[in-house]
Structure formats: C-alpha cells, structure tokens
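Residue numbers (our numbering): 1414 to 2373.
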C-alpha cells in the first residue's frame, strides 16, 4: 500500500505539479516566476482572407547533448503545410566572433565600468551605446567617439579631452577634444571618467554561438532548428535555457512569419511578493563564507503580511511553497525556488510514513522472517553443550606511536635553546584558552590551532618536553628561532627528498630553513611544479606535496597571521585580525594604542617571568587581552564551557586513541575465544567477560566523544567525511553490542571493524578539524536523514566481517569437527541475515528521509545525484542478497556469506566512491584527482581467493 501511494503521489507530482525560480531584486515586486521546464514556443503568423491570424505551437522539452533529441512538428497554416524539426543542440554557449575573411569588420572594445570585464564588438558602419557613451566605426557622428580605420591605419576622435596609458611601456599621453589622433592599441583610455581598451585592430568575422571555454555553465543553450515550407528550407538557431526568457526570434519563410523562442515560461501567481531586504550573514571575519542567507518579504494581496524565507524555513501559501535557493552576487537580490504540488506532496508523505511503520514492524509485529531468525538463533545456542567460538584467522599490523628523536645534522643544538625559553605549563594552558578566529570564520581556542599545528607538522602531540601550547607560544614569541628547529616530519623511504634538503636518511625531522638555499630559493619548487600539475601524481610526487603542506603550515604560524586575536571594534562582520595585520585594520584612538602595544608588553613580561618564575604580570596581560576580546567580540565568542570542552577534546584526542584500544580489546577477545574452543575454565570465562566489559566501556567513551564534538561544533557529528567515519565506527560497534548478546564472536569482530574504520578516518586525506557548517546542512532533517542512512553502514560492515569469519571457518573445516563448525557457521549466518535486515531497513528509511529533506529544503525529492543513485543501487543489491533464499540455485550458507562480503563493495562506492571520486551535492571532493589505494585491489584478490577456497571446502566437507 505504501508503494502504491508513493507511486500515485509521484504521478500527481509529475502531471499536476510544477515548479520554477523567482528572482527578485531588493525593493521590487514580482507576481510571476520562471518555470523549471524549458519550452519551445512557436508563433506562425499570416493572413487568412486578408485578416492577420496567428497559430501557436508550444511543448516542453528536455534536451541534452548526450541523448537523441530528434523531433519534428508537422502542421499547416491556412492550408500551407510547414514543418519544424530538430537539427542540433549545444549546452553552455556564448556568442563569439568567429574569424572569416569574407565576414563583416568588427572592433573589440573592453571595459569594466560595472565592476567586471565586458567585451563589446562594434560593427563597421553601425553605432554602439556603451554605458551612455556612443562609439562608431567608419561612421562618424557628432558627439560620439569615432574610430576610423583604413589602409591599415587607425585613428580616434573624441568629443572630450582625456588621456591614455600604453600598457607595454607605461608611456602616457593626452587626447584632445575633436582632434583626430592615431589610435593607441592595447592602451588604457580614460575619457570623461570612462575607461576602455581597444586591444587589436578591426577584424573580419561573423558571430556564432560557441561552446563556452571556461565551462562554468553560466552560458545559454543553443537549439538549432530546421524549418521547411513550400519546398523552402532554412536553418535557425535560438538560444535560451532553464531560468531564461528571451525575446522571440523572427524568420520569414514561404510567405509565413515564424516567431520562435526557447527557454523557461513565465507562470503567474495569484498574489505578489515584494523583497524588502536580503540579508547574507557570513561567518565572522570572512568575505564569502556564508553562515546563512534570508529574504525578508511581504506577500501582497488583500491582507498583506510579512515573512522571512531562509534555508529550511519555507513559505507555504495558497498551495505554493517558496524556498531560499540562491542570491545575486552583489547580495542585493534573491532567487526563490517555487513549488506547486500540495496534493502530490502529502500523498507521497503518507506513503513514506506507511513505509517507515511497516518496515519497523518487521522487528516487532506478527510472524516475520526477522523474528523467526531470532528464534532459530536461540535454538542453536541451546544445542551447544558448551560455549564454542570460532578461530578467527585475522592478523593486523599494530601501529605504534613514534617517539621524537630530534637531532639535527651537527652544528648548533637548537633544542637546548628552545628548552631554555620554555614557558611555564600553567601559563601556556591559559594562553591555549585564548580565543582566535580562523580563516574560515570559526571561533576556537588557540589550543585547537596549536594541536593541529603540531600533529600535522611533526606527526606528534609534543615536541620534546613541550606540549602544543608551549610550542605555539614559543613560535609566536621567537619565530626566528623556529626556522632552525627540526620539527618538520619527513616520511621514511623518499631518499630523493632527503638529498634535496640535505638531510641524513635516518633523520626523521628537519627544519624549515633546510628547505631554502642561501639565496632564499625553495629547494623543492621544481618537483612541486610537476607534482601539482600531474593529473595522477605518483607516490614520489605525493611525498613532495605532503611535505610542502607541512612547510606552508609552519610558515603561516611563524608569520603570526594565523593568531587572529584582536576583534575590530564595531566591524559589521565581526572580523578579527592578528598582530601583523593591524596596519590593514582601522583601529582608532586608545584601541589603536592598545592593540599595537599589548603583545610587545606581554612578550617582555614573559621574558621577565622566565628569569624570576613569577608569571603574575604575564597572567594579567593575558587577562587584559581576554577582556578586550569580550568587550568588542562577545557576540561571536564561544562560551567558557565550550572553550574548556574543546581543549579537553584536543588533549585527549579520543578517536585516535580508540583505534588502538578497540584493536587490542578485539584481538585479545578473539584469542580468548579461540582458546575457549579447546579448553574451558573459570579464569578464561572471567577474562572473556572482562574484555567484553572493556569493549562496552570503550563504546561509552566513543559515545562521549561524539557528544563532546556535537557540543563544541554546534552541529550533529556526521556532517563531513571525518565525522561520518567516526559515526559509522560508533554505529558498527552499537549493532555489534546488540547482536553480541547472542554471539561473543560478533562483539569481538565488531571491535576489530570499528578500529579499522577509525584508522581510515585518521589517514592523511581526512581532516579531523572542526569546521563551520554550510547553511543547507544546518537542518534537523540532516540529523535524522544522515544519522539513519550512515548508521546503516554499521550493520553492513558487521555482516561483511561475519561473512569473512564464516568463510574462514568453512575453509578450515574437516570431517572430525564438521558438526561443531557447521553449528557455528549456521549461527553466524543467522546473525548475518539479522544484521543485513537491520541495515537494509535503515538504508531504505534513510534514503526516503533524504527525499523528504530535499523536498523540505529546496522543493524536490530526487535529483539523481551520485549519492542518491548509489544509495538506491545499494538498496537493490542488499534486497537481492536477503531474498536469494527464494532462488533454488542461490540458497546455502556459503552463497549468503560470500555475497554479504561482495555486496559491501556497493557501500564502499556509496561512501568513498561518491564522496571522493564523483562530483555532486553530497561530495567531499575538492577537484583533486583521487587515486584508488592499492590495498583495494589486494582486498579484491583476497576475497576472490577466500571465496574459491571456502567454496571448494564447502562442497567437499558440507555437501559430500
């Protein structure tokens, strides 16, 4: 019933609903919007019995360069047949001059009066009005700027005095009123405040619609048509597209006048909307990083009313829904998305709700497969005479933390100088709580930056005896010293890099200064040029890119510009600046004196405190800076609780530590369970319970870490790549604990999987930093949708590892222990199916919740975004796996467990493939070429070999 309602709702939406966009400038009132669909509209005009008549043809089309667009309209006007057919279609085109020796002559004029560059083409013999300045080419008119070109010589006559600046040699000259002078090409003319450049002499050519070179998609689409009547054929190109309404293009053919246009259609509203104000809020101190944007509007009708439209806050009125879609670059106009689909929406939503209830009912109501499996699992447990667990043949390499061994290549020992200038730990802690504003506008304690700096540059939490806050304070106070300190981590194995920077192959760290020669040249610049230019950088090039990022991060800290601690008084966007940026800010009076002198005074106080051990004066000056921040930046400063929580979060680095803790606990539990197969005992039972309890406690710590990150960031901790990974690890362990009540092996396997997920989360290409959220993601719909759909990856991951364990058991099975292993395999297979069922239900519900989120946020359920498409593919794959038991040739424990492993590839593609390879709404990709890690291929080979071996053993032992 739910799917019938969903399909019927889609039918109503498709054939009775419509949508579009509504651009409005501030102060303007609009009562029409532009359709989402694009239409081809044709008026055919002529006379019938001496009376002018018109025939209208109109149809919506969805053209694309990648599909067959052929169509033909055959009709007649007063008995005269005519046809209009498709010829060609090009997306994203602009009108450009195509050189042709037989074409007309055009002069190119470049100006930027409106703030951006514009190219104008002046046709010979015609007049052009450019921002109320008249230009002519070989057609002199009084009061115009007249250009004369003949015999290869070019002259200019202007109605007013002016000047020019030749760009090639910076030579300048004057232009006299009404005096013909040689035209200076590639020179900046300034005539009565109007500036322009004529870059080249007149050229011959014809204008045509050409594919845009920049590929921005901001051009129009060109539709080429073939018209025919009375045996006469002619080609015509019309331009337009979604959100564009162009004028009709006229052509006379066979005595008939054809008026044709292509693009959106204006649709009328039963009321009008006036835009009173558009407000674009940015994150503090940023120029284009938007926190939110809002349209303050008035609905004009018999009873007018005001309303605010912003992301996830929709106007519903008379069956129409208005969403905040976009805005004009100058922030003086809004673009609203309009949707008219009241009945289609509610029918679909009722279908969705019925689907959710029915799928959840599988767990609790009536005789379902899920409940039957649960009962079967209990029977298997009763059949076991003793707790028997399987031997899991999984090995891993435990990553050990690396200790510092800083020893530069001879010469002066800068470490001793660093230690001699160490700041007291307690005072450094106070400095770490000082609030700074990062480049993205996020307000955070200095401790967050110091922790990120040290971990990224040196791959460690400390430098010698110094913690992160002490290191940052030393860098800020004595930047020259840290140019020589060996703190930049060098990856082992790249001998070429070490040779270039002159570092011994055994040395793990080097200084910033070692990357520059005596003339100040960057030693690895030539290698980086090729590395960054490479579409597919090799490992050698990636090593150079990684070390370049560490060098630049350290250099930015040494510059001091990252320490933006001074709020600019009464700055509209709450911008904060660092000490080196004070000259660019507009501080006045006492505020100027304060910000220019407080840091020198503070550093002097630190020097005295190191000598006598009394940090009282330094503490007071630090409190003074905090007081200044609260006075002028209180509106954007985080609370004291948030600052303290973030510092604790940084210091404990809980998710990185959980990786090894989960790994140790899971592997030890595996070993104990393996021993349990052959011999029992109270000590062994107690040890198993102890490590099960340890895994539960680690889960509690994991949960606390997620809650802390939520509190610090202000948004649900599954909004970017790193956060979603740590959430998937949590969800995996959660379901492992749920099913672990019935199988100890499940809990051990889940701890291992969670450790692997957390390990991946801390690889170089994931950034664990807390960042501001995009406006569209700041929604309660996001919390529900992502929590469910990403949470489903946990049961799928659990099923994958259970499948591996089951196949390993089958592979080692022999005749003697066949019954015992068969019982364990049957138990694992049931748990596997239970887990897959939970995952499939969560993924399905999450996907439909995503449709509701999309419809509530911007007015559409589905857009065939890569993430949406691959989520649907995953649903279909897992639905097939769960229902394979109905196909006689696909039944059996081996087939089900093997397919639970193979099917997990669709989840990997849904998450990693979409997020880092494809481009879409859900993508984390930044445009860089992503290389498939080699372990992916190794894993595929291992799965294939495991499948082949276990299948052979399954046929020999279990089927014989």
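We put the beta carbon where it would ideally sit given N, CA and C, even for glycine.
Nothing here was measured: the structure is a model prediction, and the numbers come from that model.
Span separating the alpha-carbon of residue 1559 from that of residue 1613: For the purposes of this step, residue 1559 is taken as the residue at position 146 of the chain shown. For the purposes of this step, residue 1613 is taken as the residue at position 200 of the chain shown. Those two C-alpha atoms are separated by around 16 Å.
Rounded separation between residue 2332 and residue 1865 - CA only: Residue mapping note: residue 2332 aligns to position 919 of the chain shown, counting from 1. Residue mapping note: residue 1865 aligns to position 452 of the chain shown, counting from 1. Low confidence applies to residue 2332: its pLDDT is 44, below 50, so where it sits in the model is not reliable enough to give any reading.
Per-residue DSSP class, three states only, for residue 2398: Past the edges of the chain, shown from 1414 to 2373, lies residue 2398, and the structure says nothing about it.
Segment limits, alpha helix (DSSP H) that includes residue 2057: Counted from its first residue, the chain shown places residue 2057 at position 644. Taken as a continuous stretch (DSSP letters only), the alpha helix (DSSP H) holding residue 2057 covers 2053–2065.
Residue span of the alpha helix (DSSP H) that contains residue 1856, given as start and end: Reading the chain shown from its first residue, position 443 is the one you call residue 1856. Per DSSP, residue 1856 belongs to no alpha helix (DSSP H); it is in the beta strand (DSSP E), 1856–1858.
Environment of residue 1367 [buried if 16+ CB atoms lie within 10 Å]: This structure cannot settle anything about residue 1367, because the visible part of the chain is limited to 1414 through 2373.
Span separating the alpha-carbon of residue 1443 from that of residue 1691: Residue numbering aside, residue 1443 sits at position 30 when the chain shown is read from its first letter. Residue numbering aside, residue 1691 sits at position 278 when the chain shown is read from its first letter. Whole-angstrom Cα-Cα distance: 15 Å.
Cβ-Cβ distance between residue 1677 and residue 1657 below 8 Å: Position 264 of the chain shown, counted from the start, is the residue given in the question as residue 1677. Position 244 of the chain shown, counted from the start, is the residue given in the question as residue 1657. Yes. Within cutoff.
Counterpart residues of residue 1688 in DSSP-defined beta bridges: Here residue 1688 is taken as the residue at index 275 of the chain shown, counted from 1. Beta-bridge pairing links residue 1688 to 1710.
Paired residues, beta bridge with residue 1624 - DSSP: The residue you call residue 1624 lines up with position 211 of the chain shown. Note: residue 1624 sits in a beta bridge opposite 1506.
When 1914, 1913, 1595 and 1842 are compared against residue 2384, the one with the closest alpha-carbon: With the chain represented from 1414 up to 2373, any question about residue 2384 goes unanswered, as that position is not in the structure.
Beta-bridge partners of residue 1989, as assigned by DSSP: Locating residue 1989 in the chain shown gives position 576, where the first residue counts as 1. Answer is 1980.
Through-space distance from residue 2114 to residue 2148, alpha-carbon basis: Residue 2148 sits at position 735 when you count from the first residue of the chain shown. Residue 2114 sits at position 701 when you count from the first residue of the chain shown. So the two alpha carbons sit approximately 16 Å from each other.
Cβ neighbour criterion (16 or more within 10 Å) applied to residue 2038: Position 625 of the chain shown, counted from the first residue, corresponds to residue 2038. By the neighbour-count rule (16 or more Cβ atoms within 10 Å), residue 2038 is buried.
Residue 1900, DSSP secondary structure in three states: For this step, residue 1900 is matched to residue 487 along the chain shown. Residue state, collapsed to three classes: coil.
As assigned by DSSP and simplified to three states, the class of residue 2322: Translated into the one-based positions of the chain shown, residue 2322 becomes position 909. Helix, per DSSP.
Residue 2258 versus 2099, 2073 and 1764, residue with shortest Cα-Cα distance: Looking up residue 2258 in the chain shown gives position 845. With distances taken between Cα atoms, residue 2258 lies closest to 1764.
Cβ-based burial, residue 1484 [other Cβ within 10 Å; buried from 16]: Along the chain shown, read from residue 1 onward, the residue named residue 1484 stands at position 71. The residue in question, residue 1484, is exposed, as its Cβ has fewer than 16 Cβ neighbours within 10 Å.
Backbone secondary structure at residue 1435 - three-state DSSP: For this step, residue 1435 is matched to residue 22 along the chain shown. In the structure shown, residue 1435 sits in a strand (DSSP, three-state: E or B).
Beta-carbon proximity of residue 1638 to residue 1477, cut-off 8 Å: In the chain shown, residue 1638 corresponds to position 225, counting from 1. In the chain shown, residue 1477 corresponds to position 64, counting from 1. The answer is no: Cβ separation not under 8 Å.
In chain order, each alpha helix (DSSP H) run of at least 4 residues that lies wholly inside the stretch 1513–1537: none
Residue-chain proximity (residue 1532, chain C), Cβ-Cβ < 8 Å: Protein chain content of the structure displayed is limited to a single chain, and chain C is not contained in it.
Residue 2355, buried or exposed, once every other Cβ within 10 Å from all chains shown has been counted against 16: Sequence index remark: in the chain shown, residue 2355 carries index 942 (1-based). When all chains shown are included, residue 2355 counts as exposed.
Inter-stretch contact (C-beta, 8 Å, three-pair minimum) for the stretch 1728–1736 and the stretch 2211–2222: no
Sufficient close CB pairs (3 or more, under 8 Å) joining the stretch 2275–2295 to the stretch 2307–2318: yes
Status (buried if at least 16 other CB within 10 Å, exposed otherwise) for residue 1738: Within the chain shown, numbered from 1, the residue matching residue 1738 stands at position 325. Classification for residue 1738: buried.
Where residue 2109 sits in the DSSP three-state scheme: Taking the first residue of the chain shown as position 1, residue 2109 is located at position 696. Looking at residue 2109 - three-state DSSP - the assignment turns out to be helix.
Residue range of the alpha helix (DSSP H) that includes residue 1937: Position 524 of the chain shown, counted from the first residue, corresponds to residue 1937. Note, residue 1937: premise wrong, no alpha helix (DSSP H); not H, not E.
Same chain only: Cβ atoms within 6 Å of residue 2101, ignoring 5 sequence neighbours per side: Here residue 2101 is taken as the residue at index 688 of the chain shown, counted from 1. Around residue 2101: 2085.
DSSP three-state assignment for residue 1883, whether helix, strand or coil: The residue labelled residue 1883 in the question sits at position 470 within the chain shown. It is helical.
contact_flag[the stretch 1429–1444, the stretch 1679–1693] where n(CB pairs < 8 Å) is 3 or more: yes
Beta-carbon separation (whole angstroms), residue 2110 vs residue 2142, contact threshold 8 Å: For the purposes of this step, residue 2110 is taken as residue 697 along the chain shown, with counting starting at 1. For the purposes of this step, residue 2142 is taken as residue 729 along the chain shown, with counting starting at 1. The Cβ separation is near 16 Å, so there is no contact.
Separation of residue 2140 from residue 1750, as counted between CA atoms: Looking up residue 1750 in the chain shown gives position 337. Looking up residue 2140 in the chain shown gives position 727. One C-alpha to the other measures close to 33 Å.
Residue 2231 in three-state terms, based on DSSP: Counting from 1 along the chain shown, the entry for residue 2231 is found at position 818. Of the three classes helix, strand and coil, the one that applies to residue 2231 here is helix, per DSSP.
Buried or exposed (CB count within 10 angstroms, at least 16 for buried), residue 1469: Along the chain shown, read from residue 1 onward, the residue named residue 1469 stands at position 56. Under this definition residue 1469 is an exposed residue.
Validate contact between the stretch 1460–1468 and the stretch 1487–1496 using beta carbons, cut 8 Å, 3 pairs: yes
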